[in-house]
Amino acid sequence: MLNTLRKIVQEVNAAKDLKAALGIIVQRVKEAMGSQVCSVYLLDPETNRFVLMATDGLNKRSIGKVSMAPNEGLVGLVGTREEPLNLEDAAAHPRYRYFAETGEERYASFLGSPIIHHRKVMGVLVIQQKERRQFDEGEEAFLVTMSAQLAGVIAHAEATGSIRGLGRQGKGIQEAKFIGVPGSPGAAVGTAVVVLPAADLEVVPDKHVEDVAAELLLFSTALDGVRNDMRALSAKMASQLRPEERALFDVYLMMLEDAALGNEVVKVIKTGQWAQGALRQVIGEHVNRFELMDDAYLRERASDVKDLGRRLLAYLQQARQQTLVYPDNCILVSEELSPAMLGEVPEGKLVGLISVQGSGNSHVAIFARAMGIPTVMGVVDLPYSKIDGIQLIVDGYHGEVFTNPSELLRKQYAEVVEEERQLTQGLDALRGLPCETLDGYRMPLWVNTGLLADVKRAQERGAEGVGLYRTEVPFMIKERFPSEKEQLAIYREQLVAFHPLPVTMRSLDIGGDKALSYFPIKEENPFLGWRGIRVTLDHPEIFLVQTRAMLKASEGLDNLRILLPMISGIQELEEALHLIHRSWGEVRDEGVDIPLPPVGVMIEIPAAVYQVRELARQVDFLSVGSNDLTQYLLAVDRNNPRVADLYDFLHPAVLQALCTVVEGAHAEGKPVSICGEMAGDPAAAVLLMAMGFDSLSMNATNLPKVKWLLRQISLGKAKELLAQVMTIDNPQVIHSTLQLALRNLGLGRMINPASDIQA
Ligand code: PEP
Ligand code: MG
Numbered sequence: 041m042l043n044t045l046r047k048i049v050q051e052v053n054a055a056k057d058l059k060a061a062l063g064i065i066v067q068r069v070k071e072a073m074g075s076q077v078c079s080v081y082l083l084d085p086e087t088n089r090f091v092l093m094a095t096d097g098l099n100k101r102s103i104g105k106v107s108m109a110p111n112e113g114l115v116g117l118v119g120t121r122e123e124p125l126n127l128e129d130a131a132a133h134p135r136y137r138y139f140a141e142t143g144e145e146r147y148a149s150f151l152g153s154p155i156i157h158h159r160k161v162m163g164v165l166v167i168q169q170k171e172r173r174q175f176d177e178g179e180e181a182f183l184v185t186m187s188a189q190l191a192g193v194i195a196h197a198e199a200t201g202s203i204r205g206l207g208r209q210g211k212g213i214q215e216a217k218f219i220g221v222p223g224s225p226g227a228a229v230g231t232a233v234v235v236l237p238a239a240d241l242e243v244v245p246d247k248h249v250e251d252v253a254a255e256l257l258l259f260s261t262a263l264d265g266v267r268n269d270m271r272a273l274s275a276k277m278a279s280q281l282r283p284e285e286r287a288l289f290d291v292y293l294m295m296l297e298d299a300a301l302g303n304e305v306v307k308v309i310k311t312g313q314w315a316q317g318a319l320r321q322v323i324g325e326h327v328n329r330f331e332l333m334d335d336a337y338l339r340e341r342a343s344d345v346k347d348l349g350r351r352l353l354a355y356l357q358q359a360r361q362q363t364l365v366y367p368d369n370c371i372l373v374s375e376e377l378s379p380a381m382l383g384e385v386p387e388g389k390l391v392g393l394i395s396v397q398g399s400g401n402s403h404v405a406i407f408a409r410a411m412g413i414p415t416v417m418g419v420v421d422l423p424y425s426k427i428d429g430i431q432l433i434v435d436g437y438h439g440e441v442f443t444n445p446s447e448l449l450r451k452q453y454a455e456v457v458e459e460e461r462q463l464t465q466g467l468d469a470l471r472g473l474p475c476e477t478l479d480g481y482r483m484p485l486w487v488n489t490g491l492l493a494d495v496k497r498a499q500e501r502g503a504e505g506v507g508l509y510r511t512e513v514p515f516m517i518k519e520r521f522p523s524e525k526e527q528l529a530i531y532r533e534q535l536v537a538f539h540p541l542p543v544t545m546r547s548l549d550i551g552g553d554k555a556l557s558y559f560p561i562k563e564e565n566p567f568l569g570w571r572g573i574r575v576t577l578d579h580p581e582i583f584l585v586q587t588r589a590m591l592k593a594s595e596g597l598d599n600l601r602i603l604l605p606m607i608s609g610i611q612e613l614e615e616a617l618h619l620i621h622r623s624w625g626e627v628r629d630e631g632v633d634i635p636l637p638p639v640g641v642m643i644e645i646p647a648a649v650y651q652v653r654e655l656a657r658q659v660d661f662l663s664v665g666s667n668d669l670t671q672y673l674l675a676v677d678r679n680n681p682r683v684a685d686l687y688d689f690l691h692p693a694v695l696q697a698l699c700t701v702v703e704g705a706h707a708e709g710k711p712v713s714i715c716g717e718m719a720g721d722p723a724a725a726v727l728l729m730a731m732g733f734d735s736l737s738m739n740a741t742n743l744p745k746v747k748w749l750l751r752q753i754s755l756g757k758a759k760e761l762l763a764q765v766m767t768i769d770n771p772q773v774i775h776s777t778l779q780l781a782l783r784n785l786g787l788g789r790m791i792n793p794a795s796d797i798q799a
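Here it is as structure tokens:
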């Protein structure tokens, strides 16, 4: 049974469009269940009717013609009740409705299952049979499983159809909306550029080309390249492999022959498809064919074909690398955006970002906010490989993406972009003013840095120090660990740029979603695994080199502070402190005369909240990493779009933990700051100030907004608001209470400018 399911889903997945996908579904499900009819009805959102879209068994001429409202017929009943319906005698049911054109009067029994994707009913899958009998439990379970698995595939095919004009019944290219989660606020209108990870065939997009000859040439060069590699590899292995094992290379070479795979790719290129797209299509078809075979040996051959495809693609991508053009108003789209991809786009061209994976708390979203680029994350249903070159709107306030937007919608969003620009310009005037509340309370605003551009932006916006310098960023853009000398130069640049203001440098915090290409960490649960201080304590050589570089860089400046991430207990802290003292001793032995800088601990693991006083006693300051603290307190993966709406730093449990940390730090006479994204949220900043945080550290883009808001409110009022919020047990109510209070104070200006658009 499982095998049948797997095969059907795989075949449907490989279908070229929605119509073909539905055709395969009805035919295969009918066969598998031994029924006489299988049909799919899809809910048309425009007419709100279930339309017969495919059938094997009913009159095919009724496809697209027969439809019913949710309150009509058995299909409507399955759709509205969101439950399967199993009837021995369908005609006897009060909701039965007869459609003469389908010829269904001959079928007595009926089994229907709703097709639901992300809580939304997309349609109904139905099987029917002549004889009167109740379908058994196993059959019902099979159909329910089938519809659950097909829902995603249908959603994907439908979305692709609307984008490429292959939608239902040949409706042309349409505006379509895809829901993700907000990554970085702001809106952008522009052109999609799909960025691919290296040599991943499955995600190569379709692209139409005019210059077919150039693509053919690229492909034949790639073929030659792989052929040569195969021959060389085979010769190299001659002494280690038996002749029959080496035969594999001959098989590869045969597959590449002009009469085989190579020729098929050439044919597709000649239809106007670029070489990479043609390769994906042909390899995909072959892989599918092999994977569907019952013989285990032949099934295994699918991986050979995939490997060959990857090798060819690597050559094609190499040749393409120099020619990737970024248009003006470029919106970068990728299955999983990485900080390195952002750096590739020439300055001034990038207006928006879309990532299919990840959430608003992923590191790439944090960088996007720092750069002030509107971003939507976790748009899991976006058929991103099909959208290269089309017009898009990114709504980073609501986490929505529009493909092929109408003229009207484009105009509305262009106005939002302009409003936001004016708002930012207006805030520039705050630069030289202190962050002081109406009742004279000074709240120091610091910045988080990492990217090079952050330094300039932070200085332009009047930051009073660096609360978090993410040192892993310079590590991420290298191809090996930077040497002590290289690190020293990078750190010195930061320290000099902000001198005499303090710069808090965090020791290397890799793991989780921050990977170094040259130090891969593969784990089942990366956020609960080898991360932050755990990695560097296991590799003291990395930690010692880094802290030595920091200490040397601070010579004569005296503005360095060192911060330790992911501390979960006293033992880790003591080990790290011991290493810092060792570095300091070594540096002084080398003749560099510097004082021991203040050392702090990040409070970002629940265990550290409970041990806050013990930790505070041993260090000079604390800094709350609310991004991780929220993820660990609520058990919500900060990177997973499926649970993104459960991630909430205004959850009462998080707010209580923050109060505990401030009290604990102050009881030990130590200052405490907060450097998670929460500090840069203007409304949350009001609460944090009231809690007693000694400084708030945020991205430079948000700093003027926070300053504007805190200058409009008194500490007294903020404390009142906090007291009110702390009595509320429901996160939603906390959000609305806070928003309402700020609106009533006339401070609603910071609430998103795109709130009026109804699309
Ligand atoms: C945090 O966890 O809040 C934090 C500031 O660190 P990062 O986002 O880099 O994990
Ligand atoms: Mg963290």
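Residue numbers (our numbering): 41 to 799. Glycine included, each C-beta is placed from N, C-alpha and C at the ideal position. Since we're looking at a predicted model, the values are computed, not measured.
Distances from the alpha-carbon of residue 99 to those of 608, 140 and 737 put 140 closest. Residue 577 is a Cβ neighbour of residue 612, given a cutoff of 8 Å.
Here residue 248 carries a strand assignment [DSSP, helix/strand/coil]. As computed with DSSP, residue 486 is found in a beta bridge with 737.
Of all C-beta pairs linking the stretch 404 to 420 to the stretch 215 to 226, three or more are shorter than 8 Å, placing the two stretches in contact. Assignment of residue 433 by DSSP, reduced to helix, strand and coil, places it in the strand class. The stretch 381 to 401 and the stretch 298 to 307 do not touch, with fewer than three beta-carbon pairs separated by less than 8 Å. Ranking 242, 243, 241 and 258 by CA distance to the CA of residue 249 puts 258 first. Three or more beta-carbon pairs drawn from the stretch 631 to 648 and the stretch 590 to 599 are found closer than 8 Å, and the two stretches are therefore classed as touching. Here the distance from the Cβ of residue 78 to the nearest heavy atom of the ligand PEP is not below 7 Å.
Fully enclosed beta strand (DSSP E) runs of no fewer than 3 residues occupy 77 to 84 and 89 to 96 of the stretch 56 to 115, in order along the chain. 56 is the residue among 56, 149 and 300 whose C-alpha sits nearest the C-alpha of residue 193.
A direct Cα-to-Cα measurement between residue 464 and residue 480 gives close to 25 Å. In this structure, residue 485 lies away from residue 498, with their beta-carbon atoms at least 8 Å apart. Secondary structure note for residue 154: its beta strand (DSSP E) is the uninterrupted segment 149 to 157. In the DSSP annotation of this structure, the continuous segment of the alpha helix (DSSP H) that includes residue 647 starts and ends at 646 to 650. The set of residues with any CB-heavy atom separation to the ligand MG below 5 Å comprises, in chain order, 644, 665 and 668.
Taking C-beta atoms as the reference points, residue 672 and residue 646 count as a pair closer than 8 Å. Residue side-chain check: residue 721 keeps its Cβ at 7 Å or more from all non-hydrogen atoms of the ligand PEP.
With respect to residue 507, residue 713 sits close: the two C-beta atoms are nearer than 8 Å. The beta carbon of residue 131 sits closer than 6 Å to none of the beta carbons in its chain outside the five residues before and after it. Boundaries of the alpha helix (DSSP H) harbouring residue 330: 315 to 331, taken from the DSSP string.
A Cβ-Cβ contact shorter than 8 Å links residue 81 with residue 163. Here residue 322 is buried. Its C-beta has 16 or more other C-beta atoms within 10 Å.
Beta bridge pairing from DSSP links residue 545 with 509 and 602.
Taking residue 584 as the centre and dropping the five residues before and after it, the same chain places the C-beta of 619, 622, 623 and 626 closer than 8 Å to its C-beta, in chain order. With respect to residue 394, residue 441 sits close: the two C-beta atoms are nearer than 8 Å. About 7 Å separates the Cβ atoms of residue 69 and residue 48, confirming a contact at the 8 Å cut-off.
If you compare the alpha carbons of 176, 169 and 769 with that of residue 696, the shortest gap goes to 769. Assignment of residue 643 by DSSP, reduced to helix, strand and coil, places it in the strand class. Going by DSSP, residue 219 is part of the beta strand (DSSP E) stretching over 216 to 219. Here the alpha carbon of residue 771 sits roughly 54 Å from the alpha carbon of residue 170. Put simply, the backbone Cα of residue 381 is about 43 Å away from that of residue 182. Following the DSSP letters along the chain, one finds residue 679 in no beta strand (DSSP E), marked with neither H nor E.
Residues 80, 93 and 94 of the same chain have their beta carbon placed closer than 7 Å to that of residue 62, with the five preceding and five following residues left out of the count. In terms of side-chain proximity, the C-beta atom of residue 607 is found no nearer than 7 Å to any non-hydrogen atom of the ligand PEP.
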